[in-house]
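Structure first, then comments.
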Amino acid sequence: MDIAQLEPTKKINPKKKLMKINWDALGVTTSVACAIHCAVLPLLMTSLPLFGINIIHNHAFEYTMIGLAFLIGVRALTHGYKTHHGSMKPVVMFSAGILLLVLKEVFHDNAIYFLVPAVTLIVAAHYINYRLCKKTGSCTDHTCAHQHS
952 MDIAQLEPTK
962 KINPKKKLMK
972 INWDALGVTT
982 SVACAIHCAV
992 LPLLMTSLPL
1002 FGINIIHNHA
1012 FEYTMIGLAF
1022 LIGVRALTHG
1032 YKTHHGSMKP
1042 VVMFSAGILL
1052 LVLKEVFHDN
1062 AIYFLVPAVT
1072 LIVAAHYINY
1082 RLCKKTGSCT
1092 DHTCAHQHS
């Protein structure tokens, strides 16, 4: 008997495979990209106007980035909270981080004092959410948008 005959065939829907996103990893990536943007962009400040680029102190751009981080974080943390662990710790940390990002925009002169703890809290919230989801062992291909190794 051939081994292929012994193993049940499992059809994988290609659309579902493409929709699997590790929202915590995406949240961490977005937060780190935001931190890099805030740290490196002032160094490039003198050359950006030569290229017609003005994203320094551009409130629309800044609030769009904060909104993107917020949406990704809400998606990841809601999934983890409701489906897996029920812990409010990542939610509280994430909320404090987002609040600090908004305060960074309000108090520009002290932005660095808000930015560092904000990014730290947001990244830590995603990491803790990921670890709590993984710890429960309830995440499978059929119930979860991210895979665990």
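Heads up, the sequence shown is in our numbering, so the first residue is 952 and it goes up one at a time. A virtual CB, placed ideally from N, CA and C, is assigned to each residue, including glycine.
Just mark L1050 as buried or exposed, buried being the case when its beta carbon has 16 or more other beta carbons within 10 Å.
L1050 should be labelled exposed.
What is the rounded straight-line gap between the Cα of S1038 and the Cα of Y1032?
Roughly 6 Å separates the two Cα atoms.
Among N1009, I987, L1028, whose alpha-carbon lies nearest the alpha-carbon of Y1081?
Per the Cα distances, L1028.
A1076: which of H1059, F1065, A984, A1047 sits nearest, CA to CA?
Closest option to A1076, Cα to Cα, is A1047.
Using only the alpha-carbon positions, how far apart do L1036 and C1084 sit?
Residue identity check: residue 1036 is His in the sequence provided, not Leu. Cα to Cα, the separation comes out at about 6 Å.
Where does S982 sit, in a helix, a strand or coil, going by DSSP?
Reduced to three states, the DSSP call for S982 is helix.
Roughly how many whole angstroms lie between the Cα atoms of H1099 and L977?
Its pLDDT being 43, under 50, H1099 is placed unreliably by the model, and the measurement read from it follows with that caveat. Taking the straight line from one Cα to the other gives about 15 Å.
Let me know the secondary structure DSSP gives F1058 once reduced to three states.
It is coil, neither helix nor strand.
Return the chain-ordered list of same chain residues with a C-beta closer than 8 Å to the C-beta of E1013, the five sequence neighbours on each side being excluded.
Excluding positions up to five away in sequence, the list reads E1056.
Answer with buried or exposed for I1079, where buried requires no fewer than 16 other C-beta atoms within 10 angstroms of its C-beta.
It counts as buried.
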